[in-house]
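For the sequence shown, the numbering used here begins at 7 and goes up steadily by one. Below: the structure, in structure tokens.
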Amino acid sequence: MRRIALTLLTAALTAPLAAQQPATLTGTWLINLDYLGAPIYWRLHLTDTASHLTGMLDTDPLDGTHTGNHIKLLAKDPKSGYEDIDATVSGNTISGTLVWLQEGDTPDKAAPHSFTATRQPEPRTGPPQRVEFTPTQFY
């Protein structure tokens, strides 16, 4: 009886956490980065294999991990810069801080910037569709 009660209690406590975390982080995400008060948009392509993440941040290859709803990513520019991401996942949203060192900058110029990323819908599959448009109002 105790075992059943403990199992039910554990399931009740972890259900809200499971509902917030998507089954996989694989997919395309759109990052909205607050860079000195101005928004910058980047594409984040992730492949989730168990707790290991790989992919691309804009044009930079990245590698990282996730544990529960916490993710840690490091994207390295082929020339000299990097982006270091520390964030949490809640449903189809990733939010946290991104430390961005641009090419040619010294490490003391790297500063944290807040960001939010939202999952982008998968493209529709199947053949292209043709839609006939017939105007009803003329100006």
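Don't be surprised by glycine CBs; every beta carbon is placed ideally from N, CA and C. For clarity, every value in this text was computed on a predicted model and none was experimentally measured.
D64 places its beta carbon 8 angstroms or farther from that of K82.
Taking the Cα positions, T73 is about 20 angstroms away from T34. K115 sits in a helix when the DSSP states are folded into three classes. Looking at I77, F144, G43, T140, the one whose alpha-carbon comes closest to that of A123 is I77. Distance from the Cα of A44 is smallest, within the candidate group V137, F121, Q143, G61, for F121. The Cβ-Cβ distance between L59 and L52 falls below 8 angstroms. By the neighbour-count definition (other C-beta atoms within 10 Å, threshold 16), E138 is an exposed residue. Counting along the chain, no beta strand (DSSP E) covers N98, and no H or E run does either. For I91, same chain residues with a beta-carbon under 6 angstroms away, outside a window of 5 residues either side, are L79, L104 in chain order. The straight-line gap separating the alpha-carbon atoms of E128 and P84 is approximately 28 angstroms.
Under the three-state reduction of DSSP, D64 is assigned to coil, being neither helix nor strand.
Around the beta carbon of L31, 16 or more other beta carbons sit within 10 angstroms, so the residue counts as buried.
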